[in-house]
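A.B. asks: Taken in order, these protein sequences are the chains called A and B.
Heads up: take any position in the first sequence, counting from 1, add 60, and you land on our numbering.
Heads up: take any position in the second sequence, counting from 1, add 60, and you land on our numbering.
2 protein chains.
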Amino acid sequence: MSANSRLTIAAHALAWIGLYQRQGHEVATSEQIAASASTNPVVIRRLLGDLRRAGLVESRRGVGAGWSLARDLESMTLLDVYEAVEPGPLFALHRAAPDPGCVVGHGIQPAMQRIYDVIEEKLRCELARVTLKDVLQDVLAVPR
Amino acid sequence: MSANSRLTIAAHALAWIGLYQRQGHEVATSEQIAASASTNPVVIRRLLGDLRRAGLVESRRGVGAGWSLARDLESMTLLDVYEAVEPGPLFALHRAAPDPGCVVGHGIQPAMQRIYDVIEEKLRCELARVTLKDVLQDVLAVPR
DNA sequence: AGTTGTCGTAACAGTAATAGTTACATCGCT
DNA sequence: AGCGATGTAACTATTACTGTTACGACAACT
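(1) Thinking P158/B and Q173/B are a contact (beta carbons under 8 Å), I'd like their distance in whole angstroms, please.
(2) Looking at the structure shown, is A114/B part of a helix, part of a strand, or coil, going by DSSP?
(3) List the whole-angstrom C-beta distance separating L150/B from A71/B, where the pair is believed to meet the contact cut-off of C-beta under 8 Å.
(4) What does DSSP give as the partner residue(s) for L192/A in the beta ladder?
(5) Return helix, strand or coil for A171/A, following the three-state DSSP convention.
(6) Going by CA-CA distance only, name the one from K182/A, V199/A, R113/A, G109/A that's closest to L163/B.
(7) Below 8 Å between beta carbons is the criterion; list the residues of the segment 141–166 of chain A that meet it against any residue of chain B, in chain order.
(8) Could you give the DSSP three-state label for S128/B: helix, strand or coil?
(9) How long is the line joining the alpha carbons of A114/A and L67/A, rounded to whole angstroms?
(10) What in chain B is Cβ-close to E186/A, meaning under 8 Å?
(11) Can you give me the start and stop residues for the alpha helix (DSSP H) that A94/B sits inside?
(12) Does any residue of chain A bring its CB to less than 8 Å from the CB of I104/B?
(13) Does the beta carbon of W76/B sit closer than 8 Å to a beta carbon anywhere in chain A?
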């Protein structure tokens with residue numbers, strides 16, 4: 061499906077900031093997070109920018125700048141992250157409108173859309189079950 | 061997420077063939093289906109090729125060739141189609157392996173993978189609930 | 001006031017997948 | 001033998017994500 065890693069990296073960043081703050085630090089820099097996630101700081105800044113617009117993190121500028129959580133990890137779910145970071149739908153309909161003169165062409169889009177709506181709702185339910193605190197807990201529980 | 065229309069078009073094709081056969085025809089051509097779906101015959105042939113490999117349709121060659129259902133529409137679910145047509149996972153992990161020396165970098169992949177596995181299983185359950193007969197029924201129920 | 005370190009963002013290249021198109025060999029019926 | 005459709009290769013176009021460089025904006029510190 062040409063899956064992307066945006067949800068993974070965003071969760072990684074939030075867990076990283078949460079753990080870092082738990083260790084007594086005020087803010088985390090995009091460079092630190094990027095090093096942990098093996099990616100580029102700009103990628104992190106873009107993703108965290110989306111999360112800031114969604115009210116999940118805050119950023120400070122100037123010297124000693126960086127990112128901090130806007131809410132407790134316990135109050136954030138993967139659904140919040142997903143919505144902040146993945147705009148589009150899971151499945152697409154036809155690129156070009158199907159033939160409206162054909163019975164199937166006429167009815168297929170409403171029919172499939174209804175199915176896709178149900179499926180996306182289920183997906184959201186599952187994502188909403190998992191808080192970022194759960195994620196961090198799972199991360200820390202992995203044996204080394 | 062950069063969603064694609066493969067599942068939609070494949071369902072369209074199956075519903076079209078099913079209805080066409082119900083009307084007494086033996087086989088449907090990729091050109092007929094492509095016209096209904098407003099796409100190119102080769103796109104249809106590629107998708108139906110995947111469905112043939114999955115045992116959902118059969119193809120005949122030579123004069124009077126075309127596509128027919130290998131099983132009843134009632135015995136096919138959207139999960140069968142999804143599996144035939146969408147190889148990859150819904151969400152990707154990191155492109156490059158995260159820093160194994162970092163606690164988060166070390167534990168994030170198993171943690172997220174477990175979450176993604178659960179979510180994909182739920183998705184499959186939902187897809188398995190819908191047969192292609194249901195789809196065709198819904199299509200025909202759309203008012204014109 | 002100047003220096004410094006970080007964010008915010010634009011701009012561009014690289015990669016990959018889907019989709020559309022053309023072309024043609026192959027097959028099997030008539 | 002001729003015909004009509006599949007099967008498939010090859011190429012292009014489009015799109016999205018990712019990675020990278022660059023630089024202005026900003027705020028703290030000396």
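Ideal placement from N, C-alpha and C gives every residue a C-beta, glycine not left out.
C.D. replies: Result, derived from the coordinates:
(1) As a working note, residue 158/B is residue 98 in the second sequence. As a working note, residue 173/B is residue 113 in the second sequence. Incorrect: roughly 13 Å between the Cβ atoms, too far for contact.
(2) Taking the first residue of the second sequence as position 1, residue 114/B is located at position 54. In the structure shown, A114/B sits in coil (DSSP, three-state: anything other than H, G, I, E or B).
(3) Along the second sequence, one-based indexing puts residue 150/B at 90. Along the second sequence, one-based indexing puts residue 71/B at 11. Actually they do not touch by this definition, with Cβ atoms about 18 Å apart.
(4) Counting from one through the first sequence, the residue named residue 192/A turns up at place 132. In the DSSP secondary-structure assignment, L192/A is not bridged to any residue.
(5) Stepping through the first sequence from its first residue, residue 171/A is reached at position 111. A171/A: helix per DSSP, three-state reduction.
(6) For the purposes of this step, residue 163/B is taken as residue 103 along the second sequence, with counting starting at 1. In the sequence on display, residue 163/B carries Val and not Leu. The residue with the shortest Cα to Cα distance from V163/B is V199/A.
(7) Under the 8 Å Cβ criterion, the segment 141–166 of chain A contributes E146, G148, P149, L150, F151, A152, L153, H154, R155, A156, A157, P158, D159, C162, V163, V164, G165, H166.
(8) For the purposes of this step, residue 128/B is taken as the residue at position 68 of the second sequence. The three-state reading of DSSP puts S128/B in strand, counting E and B together.
(9) Sequence index remark: in the first sequence, residue 114/A carries index 54 (1-based). Sequence index remark: in the first sequence, residue 67/A carries index 7 (1-based). About 14 Å.
(10) Within the first sequence, residue 186/A is the residue found at index 126, counting from 1. Here the neighbours are V178, I179, K182.
(11) For the purposes of this step, residue 94/B is taken as residue 34 along the second sequence, with counting starting at 1. A94/B -> alpha helix (DSSP H) spans 90–97.
(12) The residue you call residue 104/B lines up with position 44 of the second sequence. Using a Cβ-Cβ cut-off of 8 Å, I104/B does not count as an interface residue toward chain A, since no Cβ of chain A sits closer than that to its own.
(13) Taking the second sequence and counting its residues from 1, one reaches residue 76/B at position 16. Answer yes: the Cβ-Cβ gap between W76/B and chain A drops below 8 Å somewhere.
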